[in-house]
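Heads up: the structure comes next, in structure tokens.
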Amino acid sequence: MPILEMKHISKSFGGSQALKDVHLSVEEGEIHALLGENGAGKSTLMNILTGVLPADSGSIRFLDKDYPTPNIQQMETAGIAFVHQELNVINDLTVADNIFLRRELTRFGLLRKKEQVARARKLFEDLGVNMDPSVLVSTLKTSEKQLLEICRALYMDARLLILDEPTTALSNDEIDHLFGILRRLKEQGKSFIFISHKMPEIFAISDRYTVMRNGEFICDGRIDETTPREITSAMVGAQYMDQDLYEPRELQDEFLKLTRYSGQGFRNVDLSVRKGEIVAFTGLAGCGASELMQTMFGALPAEGGSMTVNGAPVRGSILRFMKRSVAMLPSNRKENSVVPDLSILENFYLAEQRLSKRHPFIFRKAEEARYQEQKELLHIKADQSSNGILSLSGGNQQKVFLGRWLNTGADVLLLDNPTQGVDVGAKEEIYKLILGFAESGKTVIIHTLEIPEIRKVADRCVVFYEGRIVKIFEHAEVNEHDVMLWATNAIETSKEATA
Amino acid sequence: MKEKRGLLSKVGRLWSQYSFIFVLLIIMVGYAFVVGANGNTFKWSHIAAILSSQNTCIVGTIALGMALVIITGQIDLSVGSSLVLTTGVTIMVFNLTNSIPLMILAALGTGLVCGLINGMLVGFGKMPPFVVTLGTMLIYRSLTLSFVRQIDPAISGSSSSQFAMKSANSAYEFLRMKFGTGQLRIGSFSIPYITFVFLGMAILFILLSTKTKYGKSVYAVGSNEKSARLTGINVTWVKISVFALTGLCVGVASILQACKIGNVTPASSGVSYEMYAIAAVVLAGVSMAGGRGRLIGVIFGALSYTTINFIIVSIPGLSVDIQDTFQGLVLIIVILIQTAGPAIRENIQRLRKRRNTA
């Protein structure tokens, strides 16, 4: 008897169909893995389930009750809790305050702080969580914040918890700890929708699975009746497996060199990258790869060692790095790339204008012409260049920002998670573009957590663990399993396991 | 139905982009009505009076700099006090030297220094601009006030705690009578000279904000500071520079104050000018959240603001005391339309969509 049944769910945004006739059913007391690549529609489906987005059609049945037009409040009281990837805890309050947020215990209108702390402590004891309810959340580790959010949901009597990639920021021990808690809760009859990309975890913890691709339901079944290979091909789909864009290229001389390079979150990194090479940085969140990339662009200060581009050392402000023909497409487009009040053209030209600011005036026609060239080249789908940047889809925005940096004539392209929040089709296009950049002699470094992405473009894959390079794979050696082992620093233990 | 919706949305877009013109038109019509009700005919001289008012030219010039500060998402509360300080220095330099170039230099220099102090405290000290400029607002005025009481009347030009242009100087006649209060006559129209200074400054700032790379960086910083930094913009420098530009505007405004009014009283001149300047910027349709707004709107904003004053003054039986109440009301109504407008439109669209799907 399933506690949740979603049937025939469809949803479209503007012209694009995000979900098409999707099914999902979750049993009581099971951990259900919801699988699919980024952009497969998992988040949209979960947003519909939690009442954040209205579905265009379809039905939702939870605990024998139908929810034709669910809203957030309703689904919360019904017992569905969403534990988000970006944590929704308030750093400046204590752990207990966070748990009781919006349902504070009061007497005569005054907070009963002691009682809250006591009850939180009891809750943690029941769950086997080791956390002090009276400390500030800002002092917690990411994994503890994750646990806190799960505890809060449980305190609110959630019956079904959605865990959106809960392990990305966790170490192996922490993951084991989390899984222990999940198993215990499962026995108490709680259900989980578990969103993850990591096969070993999925097979370690889940009971059943549902695979989605391109907004469609692909298959579901019991985890113990399938294999990681089967699930992967269901997730990726045959057409993308076949479409291998990568071809070995003739690499040129060394162009970029890091020598004992240190900074916030990484130390003593030695790396040499050749002209026309594509190198992927990967590792768990917090492994230092993103920080390294930002330091290589002057966005964070270097603390030691040196970086040379074409033999000349580079340090100082972002503008200095730009003048040495380094460019960075930052991660988290909305926060770090988009200038929401400016037009497409203005967004496109912002970086180039820094380099050419000796000529203070803008020549709109010349800018427009250059933009049209890049637009053609990058296949940007946009109406007028004077429209706001937010009128474009995520993929097209990202292409505008790629263009922003190509337009500076940069030779070194640092791409931090370039396909984040980009739909599958646009992703493929971006891969093609990246390969094209390398072909034309640009040096590309791409930071990503997605192994398939690395397999598509990278000549080499550099794995980081706690701020150090632990392994460098050649293109042919890259596979999810091995990269993951190194990224989690589990290589020693797993050698025995695979042998 | 469809056509009508298209027209409505077009008007809506025009309104949201050029709301400052509509606001001025509505207020002008109101003024004409009041003038008519008083038994007079609305003439060019009424408009010329608005154009030459110190609220238009002096506050308007300051508002140009203020607009840039607000577009970067900051605020400058010190402009009224800096105006007093700068005008004091300007008048003293004139009284001592009788030289117009030196006087202009003193005005721009002092204004720039006042602005730079604000900018550096905000930019390098990483302090909130509201607090910093609140502090300098108190400091600039109080410094001027304590200074004027101690200085030799021969230098300050007055013995009654104010700075006044020395009429014995040979350039006095030109500055005060020809330039400060004089008008350019074209046929039956006449436009005050100081209005040209304001308009000239406005054109300069409009060009700066729309046609230069610097201008784009100002908008970018106000719209998304993080993104702006990651395109190589020196955010700290941009933030300092807009305060410096505001200082220069104050410098120009202090020349206008010296020439049009002839004196400045540290205790009472320029009081609340920061609020008037902010009001003009808001009426210009500039978003207080930063990143959005057109400098051309400031011309209209300043004119609207002055016209409201004129309306209130010309209604018989209304005392000047109530003036600020009306100004405040108009300000709130305009902002309400600006912010509530899009929200209301969104709600209507949502309702319409729901009705269509149901």
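Chains A and B, in that order, are what the protein sequence lines are. At the far end of the first sequence sits residue 491, using my numbering, and the numbering has no gaps. At the far end of the second sequence sits residue 404, using my numbering, and the numbering has no gaps. Just so it is clear, CB atoms sit at the ideal spot from N, CA and C, and this is done for glycine as well.
Item                                                                                                                                                                                                        : Value
Tell me whether the region 358 to 376 of chain A and the region 274 to 292 of chain B touch, counting them as touching only if at least three CB pairs, one residue from each stretch, are closer than 8 Å. : no
My understanding is that Val129(A) touches Lys137(A), with C-beta atoms under 8 Å, so please give their C-beta distance in whole angstroms.                                                                 : 7 Å
Gly134(B) and Phe225(B) look like a contact to me (Cβ under 8 Å); what is the Cβ gap, rounded to whole Å?                                                                                                   : No, Gly134(B) and Phe225(B) are not in contact; Cβ-Cβ is about 20 Å, not under 8 Å.
Does any CB atom of chain D fall closer than 8 Å to the CB of Tyr64(B)?                                                                                                                                     : Absence of chain D from the displayed structure is noted, the protein chains being A and B.
Quick test of your reading: Arg53(A) and Glu(-3)(A), contact by CB under 8 Å. State the CB separation rounded to the nearest angstrom.                                                                      : 4 Å
Could you name the residues of chain A that Gly169(B) contacts, counting a contact when the two beta carbons are closer than 7 Å?                                                                           : Within 7 Å Cβ-Cβ: nothing; Gly169(B) doesn't reach chain A, min ~15 Å.
Where does Lys(-1)(A) sit, in a helix, a strand or coil, going by DSSP?                                                                                                                                     : strand
Helix, strand or coil for Leu407(A) per DSSP?                                                                                                                                                               : strand
Using a Cβ-Cβ cut-off of 8 Å, state whether Tyr186(B) counts as contacting chain A.                                                                                                                         : no
Throw me the rounded Cβ distance for the Lys212(B) and Asn309(B) pair, which I believe falls under 8 Å.                                                                                                     : 11 Å between Cβ atoms; not a contact.
Examine chain B for any beta-carbon lying closer than 8 Å to the beta-carbon of Phe353(A), and answer yes or no.                                                                                            : yes
When the Cα atoms are used, what is the spatial distance from Val105(B) to Phe220(B)?                                                                                                                       : 23 Å
Note down the Cα distance separating Asp236(A) from Met67(A), rounded to an integer number of angstroms.                                                                                                    : 43 Å
Less than 8 Å between CB atoms is the rule here; does Asn280(B) satisfy it with respect to chain A?                                                                                                         : yes
Grab me the residues of Gln384(B)'s own chain with a C-beta within less than 7 Å of its C-beta, minus the 5 sequence neighbours each way, in chain order.                                                   : Ser65, Gly331
With a 10 Å radius around its C-beta and 16 neighbouring C-beta atoms as the bar for buried, classify Gln492(A) as buried or exposed.                                                                       : Here chain A covers residues -7 to 491 and nothing more, so residue 492(A) does not appear.
Pick helix, strand or coil for Gly213(A), following the three-state DSSP scheme.                                                                                                                            : strand
Quick one: what does DSSP say Ala70(A) is sitting in, helix, strand or coil?                                                                                                                                : helix
Thinking C-beta only, is Met320(A) closer than 8 Å to Leu406(A)?                                                                                                                                            : yes
Quick check on Met233(A): buried or exposed, where buried means 16 or more other Cβ atoms within 10 Å of its Cβ?                                                                                            : Since pLDDT at Met233(A) reaches only 47, below the 50 mark, its modelled position is unreliable, and no value is offered.
Is it the case that the Cβ atoms of Leu302(B) and Cys160(B) are separated by a distance below 8 Å?                                                                                                          : no
Leaving out five residues before and five after Ile40(A) in sequence, what residues of the same chain have Cβ atoms less than 7 Å from its Cβ?                                                              : Ile1, Lys3, Ala47
Using a C-beta cutoff of 8 Å, does Met314(A) count as contacting chain B?                                                                                                                                   : yes
Between which two residues does the alpha helix (DSSP H) carrying Asn141(A) extend?                                                                                                                         : Reading off the sequence, residue 141(A) comes out as Glu, not Asn. Element bounds for Glu141(A): 134 to 147.
Does any C-beta atom of chain A lie closer than 8 Å to the C-beta of Lys272(B)?                                                                                                                             : yes
Taking the beta strand (DSSP E) that Gly50(A) belongs to, which residues open and close that run?                                                                                                           : 49 to 54
Going along chain B, which residues have a C-beta under 8 Å from Asn328(A)?                                                                                                                                 : Lys272, Ser273, Leu276
With contact counted as at least three CB pairs below 8 Å, one residue from each stretch, are the region 334 to 352 of chain A and the region 391 to 399 of chain A in contact?                             : yes
Decide if Ala468(A) is buried, meaning its Cβ has at least 16 other Cβ atoms within 10 Å, or exposed.                                                                                                       : exposed
I need the boundaries of the beta strand (DSSP E) containing Arg259(A), first residue and last residue.                                                                                                     : 258 to 266
Say yes only if the C-beta of Ile354(A) is nearer than 7 Å to one or more non-hydrogen atoms of the ligand MG, and no if none qualify.                                                                      : As for the ligand MG, it is missing from this structure, which has no ligand bound.
Use the C-beta contact count for Asp403(A): other C-beta atoms within 10 angstroms, 16 or more gives buried, fewer gives exposed.                                                                           : buried
Measuring CB to CB, does Glu141(A) end up less than 8 Å from Asn80(A)?                                                                                                                                      : yes
For Ser269(B), would you say it is in contact with chain A, using Cβ-to-Cβ distances shorter than 8 Å as the test?                                                                                          : yes
Is there at least one Cβ from chain A nearer than 8 Å to Lys262(B)'s Cβ?                                                                                                                                    : yes
Suppose contacts are defined by Cβ-Cβ distances below 8 Å. Is Ala153(B) in contact with Thr136(B) by that definition?                                                                                       : yes
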